[in-house]
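Participant:
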Amino acid sequence: EKGNKPPSTLFMKLWNRENNAKFGSSVCVTLPYVRKEIPIVIVFRAMGIESDREILEHIVYNLKDIQMMEALRPSLDEAAQGKDLSTRDAALDYIGRR
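The opening position of the sequence shown corresponds to residue 3 in my numbering, with each subsequent residue numbered one higher.
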């Protein structure tokens with residue numbers, strides 16, 4: 003039947019922009035129909051999960067896991083740099099411009 007499309011996929015990467023290492027500073031997501039990678043924190047904000055604590059609660063099983071919290075710190079910092087991306091509308095606008 004015409005119009006059947008394969009399901010869209012979502013890719014997540016943990017990478018370091020400086021040397022393209024697979025494990026590094028930022029968790030980014032590749033979304034269907036969006037050309038650039040989007041920081042995972044901005045994707046959560048676009049879904050309506052706006053506070054840093056709520057985002058961490060969705061990603062990290064145990065908030066006392068220092069190693070995981072430190073691994074996610076750069077992602078939170080990247081989402082906070084420059085523009086105010088703390089609301090759902092701002093995050094959706096950011097994604098839409100990519």
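Each residue gets a CB set at the ideal place from its N, CA and C atoms; glycine is no exception. Everything numeric in this text was worked out from a predicted model, so none of it was measured.
From what residue to what residue does the alpha helix (DSSP H) around G98 run?
Facilitator: That run of the alpha helix (DSSP H) goes 90 to 98.
Participant: List the DSSP bridge partners of V43.
Facilitator: The partner list for V43 (beta bridge, DSSP) is empty, contrary to what the question assumes.
Participant: Could you tell me the distance, in whole angstroms, from the CA atom of S40 to the CA atom of C30?
Facilitator: According to the sequence provided, residue 40 is Ile. The question's Ser does not apply to it. Distance between the alpha carbons of I40 and C30: 5 Å.
Participant: Sorted by chain position, which residues of the same chain lie with C-beta nearer than 8 Å to R37's C-beta, five sequence neighbours on each side aside?
Facilitator: Cβ neighbours of R37 beyond the five flanking positions: R100.
Participant: For the alpha helix (DSSP H) containing D54, name the first residue and the last one.
Facilitator: Unbroken alpha helix (DSSP H) run through D54: 54 to 61.
Participant: So is I44 buried or exposed if we call it buried at 16+ other beta carbons inside 10 Å?
Facilitator: Buried is the call here.
Participant: Taking the CB atoms as reference points, tell me whether L78 and A48 lie closer together than 9 Å.
Facilitator: Not in contact: L78 and A48 (Cβ atoms no closer than 9 Å).
Participant: Can you tell me the Cα-Cα spacing of T89 and E56, whole angstroms?
Facilitator: So the two alpha carbons sit approximately 13 Å from each other.
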